[in-house]
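Following: one structure in structure tokens, then a few remarks.
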Amino acid sequence: MKPGATVYLYELAWILPSIAIPVGMLAALLVTAFGAGLHVPSVAGRIDPSKVTETAPFDQPGVVQTGPVSYEVRMIGQIWAFTPNEIRVPVGSTVTFVATSKDVIHGLFIPGANVNVMLIPGQISRVTARFDRAGEFFMACHEYCGIAHHTMGGKVIVEPRS
Amino acid sequence: MSLELASDPEKRITGAHMLVANLALLGGIVTGLLQGLEHAGVEFPASEYFLRSYYHSVSMHGVLNVLVWTTFFIAGFLPFISARAYAMPLASPRLGWLTFWLMLAGLLIAAVPLAGDAATVMFTFYAPLRAHWAFYIGLTLVVVGTWLITLRLGLSHRAWRAGHPGARTPLAAFMSLVTMTMWTLASVGLAASMLFLLIPWSLGLVAGTDPLLARTLFWLTGHPIVYFWLLPAYVSWYTLVPRQAGGRLFSDPMARASFLLFLILSSPLGLHHQVTDPGIHEGWKLFQAFLTFAVFFPSLLTFFNVVASLEGAGRARGGKGLAAWFFRLPWGDPSLAAQLLAMLTFCAGGIGGLINASYNVNLVVHNTAYVVGHFHTTVGTAVTLTYMGISYWLVPHLAGRALWSRGMALAQAWMWFIGMLIFSTTLHELGLRGMPRRTMISQASYFQPEWSALLPWVGVGGTLLFVSGSLYLLNLLLTLTVSRAPAPAVPEFAISAGPAEDGPAILNRLRPWVVTAVIFLVIAYGPTLARLVATSRLNAPGFRVW
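Line by line, the protein sequences are chains A and B. According to our numbering, the stretch in the first sequence is residues 1 to 162, in order. According to our numbering, the stretch in the second sequence is residues 1001 to 1546, in order.
Put into structure tokens, the structure is as follows:
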């Protein structure tokens, strides 16, 4: 084989997988997003950031049961606390977090539960997670929000069904 | 005793930029050490006179390392390497000096509030955290300065073409111009955010701002900025490293093609930093995730081309086997060793980047220590260790004196590599265990016992990186002050294995690619930005909560 042809084969042998890898990864995430329903936050409405505590549903923050196994958590992020900061739901619950911030940007992060969303003043965040394992999950603000950022946390307690 | 610097205006301009870059790096590694030790359980030494808080330190660390060290290095290196590639002086040294003084003035204006704890808003300065107005104005002047670099490279390119009609632009000069063109186009997001949102708001001219709009404009620039840092390292990997290793560049047209792909694909994908943001449709996030995978392609082309060049060099030196040739490369050259180690680290960094950008997988890692581990392998090593490797020939050349110690430089490069391996691996793992980034973690109210065993390694890695960075700076300082031997020759440009003229003519043109880049940007960002602007109310007041 001519040297030029060998080089061409090497190039091809590299380029084809270089295309196949990203395309394969794209296929994988399309399957998980639309087949398994693993979505990311999307548009859920705006809010006046200086009127959060007067605007429904944030005028009454807390946990509300919305179905036999589903709950809605109406949550406010502010320096340096979540309201509510302790959430109790029975195991197997589907929990929708509807949240916003009344001052700077915060983050709502619950490791192990696929809850990872920014709380941005002026925007409403809405994410849903299922808690299939009983136990305690910690919540953390994971966006720098000022001098006591590291104290902004909470927990989700998933209780066994009696 | 007089430095050789005086002989050539371009060398003096480059030297001035390098001085600022390395001073910034000094601040960057000191703050980095303190933060690493904080994670390891050492109390953060907050003081009224130096760093007021852990977060003050993190803000300084980010600005000094990723904004100042990188930008000033690039502003020195790209014009220098372009002048060498054209084999002629660049247009208007006066414009070169104007650029330097403008960028330095901007830096100093921003540095006053930053050092005084009035801009403890991180290098991402997310509104409605509100810094002192001087911080935003100073950074904006630095960005304007970078546009002048583009202008100067453009003028030089035109002058060169007038004397070389029909000839192919020398590779290093072409790559430098593409890099600066990409950056100038991408920086419109940041410029718009500064001019229309943050500066009027910080001056009190408007009462409120739109945090999501500001953030989206920031990331429109904030992802391509990583290519602005990375592509100058690629310039070295493509045009100098093959020759330093004793080989030739495998393919010149493939190198040009990869840079042109970076020009069109670097910008329309910043939304992958905002996967977890509300207020942006998930469809656009998915679309930009796809484009992020697409920009992986020119990086894979680079990997292939550079490794093929190195393989040629290794085999020419008697290397054999599938991979054994790698060890036959001239590892005793600190400039080359640093850059080879940077490349090795970047293999992990590139793959990690794909994971981060993978849409719903981002839910696991977003804003965790995993991301910190990631960008210390990319900008913190692929870029920084390459810049250090370049400095090992560039600074001696500028000073006209040999590097003070090659042995110390080699030890430094390896120490950075090993330190980063420890530091970054640990942070990746901590991130997967739910540890947030940018947090004074020893004091966290939700501290998890399972983090305890790993956190000391953040301190170990951070300490190694600090020592390594100090050795690098010390070596340069001693080169300038103590070294007496004359500087060795500057690395020559690598010759292409195949003739450059083989490549299609379109690979030597810029305009069609710039037009394509604009179209991509408008498609990827147009609808989202139009909706955000149309629904914006500018009603979020600012906060100083540090």
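C-beta: ideal position from N, C-alpha, C; glycine also.
Separation of residue j from residue i, as counted between CA atoms
i, j, result
"SER1452 of chain B", "ARG1052 of chain B", "26 Å"
"PRO1093 of chain B", "GLY1163 of chain B", "19 Å"
"MET1018 of chain B", "THR1528 of chain B", "39 Å"
"ALA1357 of chain B", "HIS149 of chain A", "26 Å"
"HIS1281 of chain B", "SER70 of chain A", "25 Å"
"SER1445 of chain B", "TYR1136 of chain B", "33 Å"
"LEU1198 of chain B", "GLY1189 of chain B", "12 Å"
"GLY1469 of chain B", "GLY1380 of chain B", "11 Å"
"LEU1026 of chain B", "LEU1473 of chain B", "8 Å"
"ILE1523 of chain B", "PHE1287 of chain B", "10 Å"
"SER1405 of chain B", "ASN1475 of chain B", "7 Å"
"GLN1412 of chain B", "THR6 of chain A", "40 Å"
"TYR8 of chain A", "ARG1158 of chain B", "34 Å"
"LEU1310 of chain B", "SER1187 of chain B", "34 Å"
"TRP1219 of chain B", "HIS1273 of chain B", "7 Å"
"ALA1505 of chain B", "ARG1437 of chain B", "47 Å"
"GLY62 of chain A", "LEU1034 of chain B", "39 Å"
"LEU1432 of chain B", "VAL1364 of chain B", "7 Å"
"LEU1003 of chain B", "LEU1155 of chain B", "Confidence in LEU1003 of chain B is poor, its pLDDT being 43 and thus under 50, which makes the residue's placement too unreliable to answer from."
"TRP1284 of chain B", "LEU1195 of chain B", "26 Å"
"THR100 of chain A", "VAL1063 of chain B", "29 Å"
Residue i - containing beta strand (DSSP E), residue span
i, result
"THR83 of chain A", "81-83"
"ASN116 of chain A", "115-119"
"ARG88 of chain A", "86-90"
"LEU108 of chain A", "106-110"
"THR1481 of chain B", "Where THR1481 of chain B is concerned, there is no enclosing beta strand (DSSP E), although the alpha helix (DSSP H) it sits in stretches over 1455-1481."
"ALA140 of chain A", "135-140"
"GLY1247 of chain B", "Premise fails: GLY1247 of chain B is in no beta strand (DSSP E) and is neither H nor E."
"ALA99 of chain A", "93-101"
"GLN1412 of chain B", "It is not in any beta strand (DSSP E) - GLN1412 of chain B instead sits in the alpha helix (DSSP H) that spans 1406-1432."
Minimum Cβ-Cβ distance from residue i to chain B less than 9 Å
i, result
"LEU12 of chain A", "no"
"ARG88 of chain A", "no"
"GLY107 of chain A", "yes"
"PRO84 of chain A", "no"
"THR32 of chain A", "yes"
"SER18 of chain A", "yes"
"MET75 of chain A", "no"
"VAL95 of chain A", "no"
"ILE157 of chain A", "no"
"LEU38 of chain A", "yes"
"ASP132 of chain A", "no"
Cβ of residue i within 9 Å of any chain A Cβ
i, result
"MET1440 of chain B", "yes"
"SER1082 of chain B", "no"
"PRO1541 of chain B", "yes"
"ARG1035 of chain B", "At residue 1035 of chain B the sequence reads Gln, which differs from the Arg that was named. It does not; no Cβ of chain A falls within 9 Å."
"GLY1434 of chain B", "yes"
"ARG1152 of chain B", "no"
"TYR1525 of chain B", "no"
"GLN1412 of chain B", "no"
"ARG1537 of chain B", "yes"
"ARG1256 of chain B", "no"
"ALA1308 of chain B", "yes"
"TRP1219 of chain B", "no"
C-beta atoms of residue i and residue j nearer than 9 Å
i, j, result
"PRO160 of chain A", "ALA140 of chain A", "no"
"ASN1305 of chain B", "ALA1255 of chain B", "yes"
"ILE76 of chain A", "VAL52 of chain A", "yes"
"LEU1532 of chain B", "ASP1210 of chain B", "yes"
"GLY1434 of chain B", "GLN1448 of chain B", "yes"
"VAL117 of chain A", "VAL127 of chain A", "yes"
"ALA1402 of chain B", "PRO1491 of chain B", "no"
"LEU1471 of chain B", "ALA1382 of chain B", "no"
"THR119 of chain A", "PRO1128 of chain B", "The sequence shown places Leu at residue 119 of chain A, not Thr. Going by C-beta atoms, LEU119 of chain A is not nearer than 9 Å to PRO1128 of chain B."
Bounding residues of the alpha helix (DSSP H) (the contiguous stretch that carries residue i)
i, result
"LYS1285 of chain B", "1282-1316"
"PHE1543 of chain B", "From DSSP, PHE1543 of chain B is part of no alpha helix (DSSP H); its letter is neither H nor E."
"LYS155 of chain A", "Note, LYS155 of chain A: premise wrong, no alpha helix (DSSP H); beta strand (DSSP E) at 153-159."
"MET1343 of chain B", "1334-1356"
Within-9 Å CB hit, residue i to chain C
i, result
"THR1377 of chain B", "Within the model displayed, chain C is absent; protein chains A and B are what it includes."
Item to complete: Taking only beta carbons into account, state which residues of the region 1118-1140 of chain B come closer than 7 Å to chain A, listed in chain order.
Response: MET1122, TYR1126, PRO1128 and LEU1129
Worksheet entry | Chain-ordered residues of the region 1266-1291 of chain B with a beta carbon less than 9 Å from chain A | GLN1274, VAL1275, THR1276, ASP1277, PRO1278, GLY1279, ILE1280, HIS1281, GLU1282, GLY1283, LYS1285, LEU1286, ALA1289 and PHE1290
Worksheet item: At a Cβ cut of 7 Å, what residues of the region 1202-1213 of chain B count as close to chain A, listed as they run along the chain?
Response: ASP1210, PRO1211 and LEU1212
Worksheet item: What residues in the region 1226-1257 of chain B have a beta carbon less than 9 Å from any beta carbon of chain A?
Response: PHE1250, SER1251 and MET1254
Discussion item. Under 8 Å, CB to CB, which of the residues in the region 1384-1395 of chain B have a partner in chain A?
Written reply: none
Discussion item. Closer than 8 Å between beta carbons: that is the criterion. Which residues of the region 1346-1380 of chain B meet it against chain A?
Written reply: LEU1354, SER1358, TYR1359, ASN1360, VAL1361, ASN1362, LEU1363, VAL1364, HIS1366, ASN1367 and THR1368
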